[in-house]
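In what follows, a single structure is set out as structure tokens and then discussed.
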Amino acid sequence: MITVFTTAITSRLEYVIGFMSKFYGVPVYLLDKNSVERNTSKILINYTENKHEEAFQVIPSGLLEEKGIKDFSPIIEKDFTTGLPYFFGTQKSDFHFDIFSFTFYLLTRYEEYSNGAIQDEHGRYDVRSSLAFKHGFLDIALIDRWLIILRNKLEQSFGISFPQKSHEEDTKIIMTYDIDFPWAFLHRPWYINMMALFKDLFLHRNIALFSQRFATLILRKKDPYDTYDIMLDSLRHLPDQIIFFLMRSGTKFDRNHQINQDYFKKLIQKMSQSFKIGLHPSYYSSAKPEEIFKEELIRLNKIVGEPTKASRMHFLRLKLPDTYHMLLSYGIQEDYSMGYAQESGFRSSTSQRHKWYDLEKEVSTDLTIVPLIFMDTTFISNKKASLLDAQITMEQLIHEVRLHQGYSSILWHNNNIALRKGQNNWRRLYEWSIEKISGGLNTTI
Ligand SMILES: [Zn+2]
Numbered sequence: 014m015i016t017v018f019t020t021a022i023t024s025r026l027e028y029v030i031g032f033m034s035k036f037y038g039v040p041v042y043l044l045d046k047n048s049v050e051r052n053t054s055k056i057l058i059n060y061t062e063n064k065h066e067e068a069f070q071v072i073p074s075g076l077l078e079e080k081g082i083k084d085f086s087p088i089i090e091k092d093f094t095t096g097l098p099y100f101f102g103t104q105k106s107d108f109h110f111d112i113f114s115f116t117f118y119l120l121t122r123y124e125e126y127s128n129g130a131i132q133d134e135h136g137r138y139d140v141r142s143s144l145a146f147k148h149g150f151l152d153i154a155l156i157d158r159w160l161i162i163l164r165n166k167l168e169q170s171f172g173i174s175f176p177q178k179s180h181e182e183d184t185k186i187i188m189t190y191d192i193d194f195p196w197a198f199l200h201r202p203w204y205i206n207m208m209a210l211f212k213d214l215f216l217h218r219n220i221a222l223f224s225q226r227f228a229t230l231i232l233r234k235k236d237p238y239d240t241y242d243i244m245l246d247s248l249r250h251l252p253d254q255i256i257f258f259l260m261r262s263g264t265k266f267d268r269n270h271q272i273n274q275d276y277f278k279k280l281i282q283k284m285s286q287s288f289k290i291g292l293h294p295s296y297y298s299s300a301k302p303e304e305i306f307k308e309e310l311i312r313l314n315k316i317v318g319e320p321t322k323a324s325r326m327h328f329l330r331l332k333l334p335d336t337y338h339m340l341l342s343y344g345i346q347e348d349y350s351m352g353y354a355q356e357s358g359f360r361s362s363t364s365q366r367h368k369w370y371d372l373e374k375e376v377s378t379d380l381t382i383v384p385l386i387f388m389d390t391t392f393i394s395n396k397k398a399s400l401l402d403a404q405i406t407m408e409q410l411i412h413e414v415r416l417h418q419g420y421s422s423i424l425w426h427n428n429n430i431a432l433r434k435g436q437n438n439w440r441r442l443y444e445w446s447i448e449k450i451s452g453g454l455n456t457t458i
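Per the numbering used here, the very first residue in the sequence shown carries number 14; after that it's consecutive.
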């Protein structure tokens, strides 16, 4: 359907073409002067510096012919008509910038390898280093937007329409959960519980917390973080959901329950009957993959009874390329960490799930990245936002995914679905998000 003529077929260009082909839902072929095949497509893109009469020209910036990572920052320009940012601008071509290099740069998270990239206190790439944050395009799927503009231009130039992309499998917002604290009060040693009750009352004078703890431990009321029935009930509206379990306890950042206890195993097994289960690799897992990560994965596989294929890093501790090398070497096929803890939006500038390109090895890998566009704690603890602000943002992001028939994910923690006295009731936003995703709800909460 589309043929791209180039001077050099590189693995970088093949990767971008593969993404475009999936995005448009049409085959895109690559040809160079050595190709034996001939062009049979109605749409021909000339991705060289030389002019060709019947082809639509995009002038290459050179990035896709390079190997290795250069330390540079692209010069951002703003398009007059659309107001959208772009880079790798060129003159005298049919498209005003090298959209292939642009897509490659953003999709591979090239900038995260830069020497100037700032890390936050958890060793994560800091959102404030990113072009998307600095130039205000984190809340839109910029690659998708430009690919739509390119499609319109191609349709105009060649006088034909692209076929409608089939909706079903490729358009989805996946609801996902991280279980960092399975219970608030239950299943702790009795002396810790007693001490906690004492502290609530006499040290912190927190009557609300005392009464909640007392109700759970003494009156045997339901533990507030035990929101599993609500999650199970939501499956009636939204069948495809994933739960990520943290499989470690005992560090400052992994304050889980005793993972080798029966009650914990039973919870995972119960949820695995209805949900897809993923691993939530612990805070230090990537420091020692062969010990920590491997042990956590084996433990989870044993409990669930089958190999785990999905993962999301605890604290979203994603470091390129090390984290993805680790996931690939242990057979993980899908990662759900491609988002920021401090801000919501599109970290890889697309709403589409996409393969990870390994810039160190210069190959496209089998690891699928599902963008994470919204996390509850970004708004609850980091931004301390109101329910309404969080809802407005979520609605815009969901709209952006739907606009491009994307495939992205949203993250909730079980403890934030819990009802809390005297605080924002985030469960309302959770329930709203389930309805919004499943049925296109149009009301405010
Ligand atoms: Zn976590």
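Even for Gly, the Cβ is constructed at its ideal location relative to N, Cα and C. No experiment lies behind these values; they were computed from the predicted model shown.
Given residue i, which residues of its chain have a CB within under 6 Å of its CB, disregarding the five upstream and five downstream residues?
i, result
"T240", "N427, I430, A431"
"K91", "P98"
"I281", "F258, I316"
"M14", "V39, P40, S54"
"G452", "none"
Using three-state DSSP, classify residue i as helix, strand or coil.
i, result
"I290", "strand"
"Q104", "coil"
"T19", "strand"
"H135", "coil"
"F110", "strand"
"R268", "strand"
"S361", "coil"
"E319", "coil"
"A197", "coil"
"I231", "coil"
"Y123", "helix"
"T116", "helix"
"R330", "coil"
Per DSSP, what are the beta-bridge partners of residue i in this structure?
i, result
"E90", "Y99"
"L424", "T189, M388"
"V414", "None; V414 has no bridge partner."
"Q70", "N59"
"S324", "L292, D348"
"S342", "S342 pairs with nothing; no bridge assigned."
"S262", "R268"
Below 8 Å between beta carbons: does that hold for residue i and residue j?
i, j, result
"F108", "P87", "no"
"H327", "H293", "yes"
"T406", "P384", "no"
"K289", "I255", "yes"
"K278", "I311", "no"
"F171", "Y37", "no"
"S421", "I386", "yes"
"T116", "V29", "yes"
"H270", "H200", "yes"
"W196", "D253", "no"
"L44", "E27", "no"
"T321", "G352", "no"
"Q190", "M260", "It should be pointed out that residue 190 corresponds to Tyr in this sequence rather than to Gln. Taking 8 Å as the Cβ cut-off, Y190 and M260 do not qualify as a contacting pair."
"Q346", "T378", "no"
"L120", "S361", "yes"
"A354", "R137", "yes"
"F306", "Y238", "no"
"F359", "A154", "yes"
"L144", "I89", "yes"
"I423", "S446", "yes"
"N52", "T103", "no"
Using C-beta distances below 8 Å, list every residue in its chain close to residue i, excluding the 5 sequence neighbours before and after it, in chain order.
i, result
"K449", "M407, E408, I411"
"K147", "R141"
"E356", "V140, F146, L151, T391"
"L230", "F198, L199, N206, L210"
"L222", "D213"
Residue range of the beta strand (DSSP E) that residue i falls in?
i, result
"D379", "376 to 382"
"W369", "367 to 371"
"I82", "Segment: none, I82 is in no beta strand (DSSP E) and carries neither H nor E."
"F258", "254 to 259"
"Y42", "41 to 44"
What does a CB cutoff of less than 7 Å around residue i pick up in its chain, not counting 5 residues either side in sequence?
i, result
"E78", "A21, T23"
"S285", "V317"
"N438", "L432"
"I112", "V71, W159, L163"
Provide the residue span of the alpha helix (DSSP H) that contains residue i, from first to last.
i, result
"F211", "203 to 211"
"F54", "Checking the displayed sequence, the identity of residue 54 turns out to be Ser instead of Phe. Premise fails: S54 is in no alpha helix (DSSP H) and is neither H nor E."
"L245", "241 to 247"
"L144", "144 to 147"
"F171", "155 to 171"
"K449", "439 to 452"
"Y37", "24 to 37"
"L280", "275 to 285"
Does residue i get closer than 8 Å to chain C when you measure Cβ to Cβ?
i, result
"S34", "The question asks about chain C, but that chain is absent: this structure has only one protein chain."
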